[in-house]
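Heads up, the thing below is written out as structure tokens.
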Amino acid sequence: MTAIALSDVTKRYGSVHALDGVDLTVERGGIVALLGPNGAGKTTTFELLLDLARPTSGRVEVLGGPPAAARGRVGAMLQSAGLPEQVTVRELVRLVGRAFPRAVPVDDVLARVALTDRAGRTVTTLSGGERQRLLLALALVGEPELLLLDEPTAAMDVVSRRSFWAQARAAVGHGATVLFATHDMTEAAQVADRVLVVARGRLLADGTPAELMGEDDLEDVFLALTEETSAAHPEGAVR
Amino acid sequence: MSTHAVPDRRVPAPTTAPSARSAPDDVVHARPTGGGTGLLALQVVTEVRASLRSPEFAVGAVVIPVILYAMFGLTNAASLLPGGTRIGLAMLLSLSCYGVVTLAIVVFGEDVAKDRGRGWLRTLRATPFPTWAYLAGKLGAALVHTLLIALTMAVLAATAGGVHLAAPQWAAYAALMLAGVVLFAPLGFAIAYLARPRTAAVVANVVFLPLAFASGFFIPLSELPDVMGDLARYLPTYHFGQLVYRALLPAQDVEAFTGAATGPATVHVAWVVGSAVVLTAAALLAARREAVTRRG
């Protein structure tokens, strides 16, 4: 069963190629890391998968159909995600959960992201890490089959990060697929079952962390791959 | 630095095979738990609660019209217009119009623009939460706040201003205020999508304050320069005010209080409803433009 399928997908913003002929298939289950430098095309990939953008050419499928049709079955944490201010954690999770065809009970979701004791707090009083966990709660509340997480742990401390990935792994245990974008090679190596390396809108490598690294450090592999691409395509940056 | 060859896992260069665009995907099949009505009701409740946690909202939207009425409406409340209407009633109507139109612009202009700017609308677009439910929830909350404004001002007018109306007239007053927020919400909605999020509050005030003055909400048009009176006839807020005055005051007192001759009700209705339709279309186009630009 395929969770994500991109077939020769190109996305251009003016003269900039954000994605350049990407072919990618992700089967259901497991955690997949999308690793790449700034401007590699990671966020664009997420926007296409969430129907926030449409490809210039190529085909995008999510859970076997067009992205818009899968919206109720996908949970997402976006890099530039925002939250309303004077709403409490509980109110927000309940409200967003109501929009999904099936929703996890609010208390269960809050417990999973360790926000039970913050349930009555308004968003403005939350720390950066707590906001990230709230965004994860919003992503989880619809019992998603696919979780799309764009740099989800950027504002988290070590404890929150571990807890976060424990929850993501638990979601996988319940049958979900996780695709997350990150700059953090250590995190990708530790968490992901599969790593996709992207740069300048192209998919450069695809494998398990062990396969990609061999006897080397993933950071060295990553730098070697992305530097090769930079040398081959010195023109223009991408999102 | 050493180089690392990973040829076995490296992805082949993209092919140039003919590509097909994504299949038509404008249908979202997700159905909210509890249905659309339940989602809308929850959105209204959440919005009302959130707004009540913002003291500046309560002050700006609810308290200011009440204070203005206490300051300017009650001072000469017992004075009579030529047709026998108490000034307290006429001021109640004009400042209620001011409060309601302010509310519509604040809620839909500033509040929606803020949500847009901070990325909340983008977050929602990645969920099955329908945009119509978000906007309808804002409108529902605005209706609740309108009732709060109308009730507070009515109680003040009746107790301190000696304003006495029959029950059907109070009901008409409340209904007109509710209609006002619905009809002027598209103006705020248009500002929310046409202005940059950070400037929406300024734009809303730049739009609204001249509207309020030129429509005679604060000062009778006869006491303003002639050009303001000429301008007023092209403003939906002026026509809304005229409809409200006409519903509860004799025509003679409407003219005396506003300094402008009243026209046929159909003209006022046409202006208010017509402008609402045009502004709704402009706002929808702006919202669509943003979505399309975003999607590429």
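Those sequence lines, one after another, are chains A and B. Residue numbers for the first sequence follow this note's numbering, beginning at 1 and rising by one. Residue numbers for the second sequence follow this note's numbering, beginning at 1001 and rising by one. Heads up, the beta-carbon is just placed ideally off N, CA and C, and yes, glycines get one too. Here the structure is a predicted model, which is why all the values come from computation and not from measurement.
query                                                                                                                                                                      : result
Is the beta carbon of A:A139 closer than 7 angstroms to that of A:M77?                                                                                                     : yes
Here's the rule: buried if 16 or more other CB atoms are within 10 angstroms of the residue's CB, otherwise exposed. What is B:H1164?                                      : exposed
Check A:D51 in the structure and name its three-state DSSP category.                                                                                                       : coil
List, in chain order, every chain A residue whose beta-carbon is nearer than 8 angstroms to that of B:G1038.                                                               : R98
Taking only beta-carbon atoms, is A:S160 less than 7 angstroms away from chain B?                                                                                          : no
Classify B:S1022 as helix, strand or coil using the three-state DSSP reduction.                                                                                            : The predicted position of B:S1022 is uncertain, since its pLDDT is 37 and thus under 50; a value taken from the coordinates is nonetheless stated next. In the structure shown, B:S1022 sits in coil (DSSP, three-state: anything other than H, G, I, E or B).
Using a Cβ cut-off of 7 angstroms (strictly closer), state whether B:G1180 contacts chain A.                                                                               : no
Spell out whether any CB of chain B is found under 7 angstroms from the CB atom of A:E151.                                                                                 : no
Pair every Cβ in the region 3 to 11 of chain A with every Cβ in the region 59 to 67 of chain A, then say whether three or more of these pairs are closer than 8 angstroms. : yes
At the 7 angstroms Cβ level, is B:T1127 part of the contact set with chain A, yes or no?                                                                                   : yes
Could you tell me if A:G173 is buried or exposed, where buried requires 16 or more neighbouring beta carbons within 10 angstroms of its beta carbon?                       : exposed
Quickly, what does DSSP pair B:A1175 with across the bridge? List them, please.                                                                                            : Bridge partners of B:A1175: none, in fact.
Scan the region 24 to 110 of chain A and note each continuous alpha helix (DSSP H) run of 4 residues or more that stays entirely inside, going in chain order.             : 42 to 49 and 89 to 99
With H, G and I counted as helix, E and B as strand and the rest as coil, what does DSSP make of B:T1075?                                                                  : coil
Measuring alpha carbon to alpha carbon, tell me which of B:G1241, B:L1224, B:A1214 and B:A1050 ends up nearest B:L1231.                                                    : B:A1214
Could you give the DSSP three-state label for B:R1118: helix, strand or coil?                                                                                              : coil
Hey, does A:V238 have any beta-carbon neighbour from chain B nearer than 7 angstroms?                                                                                      : Interpretation of A:V238 is limited by its pLDDT of 40, a score under 50 that renders its predicted location unreliable; the figure taken from the coordinates is listed afterwards. Output row for A:V238: interface = no.
Taking buried to mean at least 16 other C-beta atoms within 10 Å of its own C-beta, is A:V87 buried or exposed?                                                            : buried
Using 7 angstroms as the limit for Cβ to Cβ distance, is A:A76 near chain B?                                                                                               : yes
If we count the other Cβ atoms within 10 Å of its Cβ and call it buried at 16 or more, is B:D1025 buried or exposed?                                                       : In this prediction, B:D1025 has a pLDDT of 36, which is less than 50 and means its spatial position is unreliable; what the coordinates show is noted afterwards. Classification for B:D1025: buried.
Would you say B:A1023 lies against chain A (beta-carbon separation less than 7 angstroms)?                                                                                 : Summary for B:A1023: the model assigns pLDDT 36, below 50, so the residue's position carries little reliability; its value from the coordinates is reported in the next sentence. Yes, B:A1023 counts as interfacial toward chain A.
Start and end of the alpha helix (DSSP H) containing B:L1140?                                                                                                              : According to the sequence displayed, residue 1140 of chain B carries Gly and not Leu. Taken as a continuous stretch (DSSP letters only), the alpha helix (DSSP H) holding B:G1140 covers T1131 to T1159.
Would you verify that the beta carbon of A:R131 is, or is not, closer than 7 angstroms to some beta carbon of chain B?                                                     : no
For A:D150, write down the residues that DSSP places opposite it in a beta bridge.                                                                                         : A:A181
Could you list the residues in the region 69 to 93 of chain A with a C-beta less than 7 angstroms from some C-beta on chain B, going in chain order?                       : A69, R71, G72, A76, L78, S80, A81, G82, L83, P84, Q86, V87 and E91
When Cβ atoms are compared, which residues of the region 1249 to 1276 of chain B fall closer than 9 angstroms to chain A?                                                  : none
Consider the Cβ of B:W1120: report whether some Cβ of chain A lies at a distance smaller than 7 angstroms.                                                                 : yes
Using a beta-carbon distance cut-off of less than 7 angstroms, what residues from the region 95 to 126 of chain A approach chain B?                                        : L95, V96, R98, A99, F100, P101, R102, A103 and T122
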